[in-house]
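Peer 1:
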Amino acid sequence: MTQDELKQAVAKAAVDYIAPKLDSDSIIGVGTGSTANFFIDLLADHKTEFDGAVASSEATAERLKSHGIPVYDLNSASSLEFYIDGADEANERLELIKGGGAALTREKIVAAVAKTFICIADESKMVGILGDFPLPVEVIPMARSHVGREIVKLGGDPVYREGVVTDNGNIIIDVHNMDLSRPIDMENKINNVVGVVTNGLFARRPADVLLLGTADGVKTMT
Ligand code: 5RP
């Protein structure tokens, strides 16, 4: 199977997982990226079975709306049953690196609100220790150099992601060669650097369920 076929398989598994649990009041959080896009396209078949969605990016909001799925501001949603999103890396504890698509801050906010965070990923995303994928950090533009110097002190190699402005008007620094063997510690340390909006480690709030697309079928990890 190709990587896209695996992504489609986990997207379908996520729809099958949530659809029976939705009712006319349900609002769900929807992530960003190619796997999330497959999910949105399949979710559209069920759009009459739930109230609407909260999007983790402008791109996702546009895609949801293009299917006629109502999109709500998070502040007007009293609760979210599910958050469904992809990842750049996942480990066995369902801790993640996210933010390859630069949507990490809104993704982390929506994940924090959701009752159940379902991560959907193809098996290439599964790793023993997080960190081969450079860790995205969203940074207030005027703090770029300061944050870069602080990241070097924490042991990482910061690289400015050229030409990218987040939906929040900020920049992304990708951190290479960082020791992420203690993900919660590093998530906290990086977030404590002044000028950092947030980083792409999802360890304090990992996924609750990982639907992993493999050549032998979709594996459910909890
Ligand atoms: C966007 C993300 C995505 O979930 C992550 O980059 C995975 O993307 P894809 O599903 O295209 O492989 O965190 O900020």
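Numbering (numbering that gives the first Met the number 0), first residue to last: 0 to 221. Note that CB positions come from ideal geometry on N, CA and C, so glycine has one too.
1. At a cut-off of 8 Å, would you count GLY162 as near the ligand 5RP, judging by its Cβ distance to the nearest heavy atom?
2. Is any non-hydrogen atom of the ligand 5RP found closer than 8 Å to the C-beta of THR221, if you look at the structure I gave you?
3. List in chain order the residues whose CB is within less than 5 Å of at least one heavy atom of the ligand 5RP.
4. Would you give the residue range spanned by the beta strand (DSSP E) that PRO135 belongs to?
5. Could you give the C-beta distance for GLY28 and TYR82, rounded to a whole number, given that I count them as a contact under 8 Å?
6. Nearest-angstrom Cα distance between ALA18 and PRO133?
7. Which stretch, first to last residue, makes up the alpha helix (DSSP H) that contains GLY147?
8. Can you give me the Cβ contacts of ALA12 inside the same chain, cut-off strictly under 6 Å, excluding the 5 residues immediately before and after it?
9. With respect to the alpha helix (DSSP H) encompassing MET185, which residues constitute its N-terminal and C-terminal limits?
10. In three-state terms, what does DSSP make of HIS45?
11. What number of angstroms, rounded off, separates the C-alpha of ALA142 from the C-alpha of VAL193?
12. Among ASP207, ASP22, ASP215, which one has its Cα closest to the Cα of ASN90?
13. Between the segment 85-104 and the segment 154-168, do three or more beta carbon pairs fall short of 8 Å?
14. Which residues mark the beginning and the end of the alpha helix (DSSP H) in which TYR16 is found?
15. Residue range of the beta strand (DSSP E) that ALA111 falls in?
16. Which class does ASP131 belong to by DSSP, given the choice of helix, strand or coil?
Peer 2: With the structure as the only source:
1. no
2. no
3. THR31, GLY32, SER33, THR34, GLY85, ASP87, LYS97, GLY98, GLY99, GLY100, ALA102
4. 134-138
5. 4 Å
6. 34 Å
7. 143-152
8. LEU210, VAL217
9. 182-190
10. helix
11. 8 Å
12. ASP207
13. yes
14. 2-17
15. From DSSP, ALA111 is part of no beta strand (DSSP E) but of the alpha helix (DSSP H) over 103-112.
16. coil
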